[in-house]
Amino acid sequence: MDAAKEIENGRAGRKRVAGLLAAALIEELEVAYGQLASPPEVQSVRGPETGLVMVRGRIGGGGAPFNLGEVTVSRATVRLASGVIGHAHALGTDRRKARLAAIFDALWQEDGQKEFVERALLWPIAVRLADEERLKAEETAATRVDFFTMVRGED
Amino acid sequence: MYVAVKGGEAAIANAHRLLADRRRGDRSLPAITIDQIVAQLALAVDRVMAEASLYDRELAALAIAQARGDMIEAIFILRAYRTTLPRLGTSEPLDTAAMQIERRISATYKDLPGGQLLGPTFDYTHRLLDPALLADAPVDEPLRRAADTGPVTRVSEILREEGLIEPDGELPPDHVTADLTREPLDFPMTRDLRLQALARGDEGFLLALGYSTQRGYGRTHPFAGEIRIGEVEVELDVPELGFAVSLGRIQVTECQMVNQFHGSAKAPPQFTRGYGLVFGQSERKAMAVALVDRALRAEELGEDIVAPAQDEEFVISHSDNVQATGFVEHLKLPHYVDFQAELDLVRRMRREFEEARRASINPEAPREAAE
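Written out as structure tokens, the structure reads:
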């Protein structure tokens, strides 16, 4: 039971990290990389490479899936000297970004580095995304229609 | 006999050099950057992405610059590029209910959960040219207002509670999602394949077909139940990890048309639906797709097929502008030999025609031509 929960938590953690790394700007990755005490020893396992992912929608929004069209995706897999493997996938053709993101995915799994990756990279990305999302939502909310009723006639 | 003719290499090279010059234009003007196209011609970029069936703003903007703004040429270039890349996988289906809304309107309900959000729309503008743009005048920041966050209910869900609308389109459980980039088109086709073809179809062609249904050619009595534009997460299942991860967000436009339906031998009276989903902010296109999607369901719903927009083979065979431009434009390539053959044929037929006419005027004259 506990073991299953631990695996579930571990998955949720990796999923969160992968999502934030995919949303990272190359500048954010470069800055955090520059702040590492020493550049890690990294071996490429796969890529970095760019390919396509077919994006699916659902008929009517929630029905059977259909193929909408493709997106460019860059991905990389790296291995640290400790043997830890890091993966990264992100929209776009920036292979350097994919490689850096894979390095940070691996570093996040190392006990000694996790705290640094959270503080120097993931936290600032999460804050930026939340700010961007709020700004967009508030700008959209200002275009919300407030209906009012015109009362005409005597009664 | 077929005689290959070579030549024109120098002319072609010089023409391409001239094209590059004309594309760049007046050198005293700064060259337009790809970032500027992405930021300031965003809807042109969106159209190229949608019809090229490849979502990548930078590459689409590059294609527009390279094509001198010729949209179909840009779509062609981006389509060609996509064939050079391997397919890494297939995403989880997008969840448009979880969209971060940038615009959301309904023409069927005034007051609905989430409200009518106009977003950055051309609607209600007066379509007057704005001379302020000539001078690069400063532009005000948008206003802001406290926002409800969280998912916004789809209008189709509201109607479904009353049981008066058909559900989201389902296909048999054993159906394998069709992909026109992998299999040649075959008719009749399933709705998933039609929606893929329509998503990449030419906006002008689909707009005209949608319009034709409104004018009575395959009438479907549509209401714009909901149009929503915004960003959705794309997730890919990664076998190495054993679960799906986010690749980032893409912007899409979704249109749910609600169509009056009197019922038929196959279905009870209820509202039926047409669905459109398109890359980017492409409201006109999403609406046209939804109209045509509904029209193409004529057979499924037991309606008579009487109009072009209901004819699946006609619509889907002609909706792709890269295919269409390829076949139309091939006519300008040398057809010298074909034409010589046609010319000989017409000369012979004309000779026979003249001789036959002479013979009918003067039956005594000798006849040479074979009949």
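If you read the protein sequences in the order shown, they are chains A and B. Heads up: the first sequence begins at 1 in full-length UniProt numbering, then just goes up one per residue. Heads up: the second sequence begins at 1 in full-length UniProt numbering, then just goes up one per residue. Cβ coordinates follow ideal geometry from the N, Cα and C atoms, glycine included.
Cβ-Cβ separation, residue j to residue i (assumed contact under 8 Å), whole Å
i: B/V234; j: B/L94; result: 7 Å
i: A/D105; j: A/S74; result: 14 Å between Cβ atoms; not a contact.
i: B/I75; j: B/V252; result: At roughly 18 Å, the Cβ-Cβ gap does not stay under 8 Å, so B/I75 and B/V252 are not in contact.
i: B/A98; j: B/P151; result: 5 Å
i: B/R144; j: A/E138; result: 4 Å
i: B/A63; j: B/E203; result: With a Cβ gap of about 16 Å, B/A63 and B/E203 do not count as contacting.
i: residue 380 of chain B; j: B/V278; result: Since the first residue of chain B shown is 1 and the last is 371, residue 380 of chain B is not available in this structure.
i: B/L118; j: B/I158; result: With 8 Å as the limit, B/L118 and B/I158 do not qualify as a contact, their Cβ atoms being about 20 Å apart.
i: B/H318; j: B/F205; result: 7 Å
i: A/L29; j: A/A126; result: A/L29 to A/A126, Cβ: 14 Å. No contact.
i: B/V155; j: B/E226; result: 4 Å
For residue i, the nearest candidate out of the options (CA to CA)
i: A/G50; options: B/L247, B/T272 and B/M287; result: Reading off the sequence, residue 50 of chain A comes out as Thr, not Gly. The shortest C-alpha separation from A/T50 is found at B/L247.
i: B/G69; options: B/R22, B/R27 and B/T96; result: B/R22
i: B/R79; options: B/H330, B/R47, B/P120 and B/L277; result: B/R47
i: B/S106; options: B/E254, B/D237, B/E352 and B/L207; result: B/E254
i: A/L135; options: B/E141, B/D136, B/L134 and B/P131; result: B/E141
i: A/G83; options: A/L91, A/V117, A/S44 and A/F116; result: A/S44
i: B/V38; options: B/G25, B/S28 and B/A65; result: B/A65
i: B/Y81; options: B/Q100, B/L54 and B/R104; result: B/L54
i: B/Y275; options: A/A101, A/R58, A/G13 and A/A18; result: A/R58
i: B/L164; options: B/L296, B/Q260 and B/D320; result: B/Q260
i: B/L147; options: B/Q100, B/L129 and B/G204; result: According to the sequence displayed, residue 147 of chain B carries Ala and not Leu. Of B/Q100, B/L129 and B/G204, the residue nearest in Cα terms is B/Q100.
i: B/R215; options: B/R127, B/A324 and B/A307; result: B/A307
i: A/A64; options: B/K110, B/R17, B/D136 and B/H175; result: B/H175
i: B/D56; options: B/L296, B/A132, B/I34 and B/P184; result: B/I34
i: A/A88; options: A/E132, A/A81, A/A98 and A/R79; result: A/A98
i: B/D123; options: B/Q256, B/E283, B/I32 and B/R154; result: B/E283
i: A/Y33; options: A/D111, A/G153, A/A130 and A/L107; result: A/L107
i: B/T90; options: B/A178, B/T125, B/G119 and B/R17; result: B/A178
i: A/V117; options: A/A37, A/R152, A/R96 and A/R144; result: A/A37
i: residue 160 of chain A; options: A/G62, A/N67 and A/I103; result: This structure cannot settle anything about residue 160 of chain A, because the visible part of chain A is limited to 1 through 155.
i: B/I229; options: B/Q256, B/L209 and B/G8; result: B/Q256
i: A/A76; options: A/R46, A/A130 and A/A142; result: A/R46
i: B/E73; options: B/T181, B/M49 and B/N14; result: B/M49
i: A/M54; options: B/I361, B/G280, B/L180 and B/I316; result: B/L180
i: A/R56; options: B/L193, B/R358 and B/E183; result: B/L193
i: A/A141; options: B/R104, B/T153, B/L343 and B/P184; result: B/R104
i: B/V299; options: B/G218, B/R24, B/G7 and B/A42; result: Val is not the amino acid found at residue 299 of chain B; the sequence shown has Glu there. For B/E299, the nearest C-alpha among the options comes from B/G218.
For this session: Report the residues of the segment 54-74 of chain A with a CB closer than 8 Å to any CB of chain B, ordered along the chain.
Result: M54, V55, R56, G57, R58, I59, G60, G61, G62, G63, A64, P65, F66, N67, L68, G69, E70, V71, T72 and V73
Problem set entry | Inter-stretch contact at 8 Å, needing at least 3 Cβ pairs: the segment 284-300 of chain B / the segment 191-205 of chain B | yes
For this session: Entirely within the segment 253-341 of chain B and at least 3 residues each: give me those beta strand (DSSP E) ranges in chain order.
Result: 272-279
Exercise. Given a limit of 8 Å on CB to CB distance, which residues of the segment 121-137 of chain A reach chain B?
Worked result: E133, R134, L135, K136 and A137
Exercise. Listed from N- to C-terminal order along the chain, which residues in the segment 54-73 of chain B have their beta-carbon within a distance smaller than 8 Å of any beta-carbon of chain A?
Worked result: L54, Y55, D56, E58 and L59
For this session: May I ask you to list, following chain order, the residues of the segment 3-28 of chain A that have a beta carbon less than 7 Å from some beta carbon of chain B?
Result: R11, R14, K15, A18, G19, A22 and A23
Exercise. Does the count of Cβ pairs from the segment 40-54 of chain A and the segment 72-90 of chain B closer than 8 Å reach three?
Worked result: yes
Exercise. Do the segment 67-81 of chain A and the segment 153-171 of chain B make contact, defined as three or more Cβ pairs closer than 8 Å?
Worked result: no
Exercise. Along the chain, which unbroken stretches of the beta strand (DSSP E) at least 3 residues long are found entirely within the segment 167-246 of chain B?
Worked result: 222-238
Problem set entry | Against chain A: residues of the segment 214-231 of chain B by CB proximity under 7 Å | none
For this session: Closer than 7 Å, Cβ to Cβ, to anything on chain A: give me those residues from the segment 132-166 of chain B, in chain order.
Result: P142, L143, R144, R145, A146, A147, T149, R154 and S156
Exercise. Quick check: the segment 301-313 of chain B against the segment 184-193 of chain B, are there 3 or more CB pairs under 8 Å?
Worked result: yes
Exercise. Name the residues in the segment 71-94 of chain B whose C-beta lies less than 8 Å from a C-beta of chain A; which are they?
Worked result: R82, L85, P86, R87, L88, G89, T90, S91, E92, P93 and L94
Problem set entry | Residue ranges of each alpha helix (DSSP H) within the segment 63-122 of chain B, 4 or longer | 71-82
For this session: Would you check if there are 3 or more beta carbon pairs closer than 8 Å linking the segment 114-129 of chain A to the segment 12-30 of chain A?
Result: yes
Exercise. Between the segment 238-266 of chain B and chain A, which residues of the former have CB atoms less than 9 Å from a CB of the latter, in chain order?
Worked result: V238, E240, L241, G242, F243, A244, V245, S246, L247, G248, R249, I250, V252, E254 and Q256
Exercise. Which of the residues in the segment 99-110 of chain B, read from start to end, lie with their CB under 8 Å from any CB of chain A?
Worked result: Q100, I101, E102, R103 and K110
Problem set entry | Where the segment 142-154 of chain A meets chain B: residues whose CB sits under 8 Å from a CB there | A142, T143, R144, V145 and F147
Exercise. If contact means a Cβ-Cβ distance below 8 Å, which residues of the segment 91-125 of chain A contact chain B?
Worked result: L91, G92 and T93
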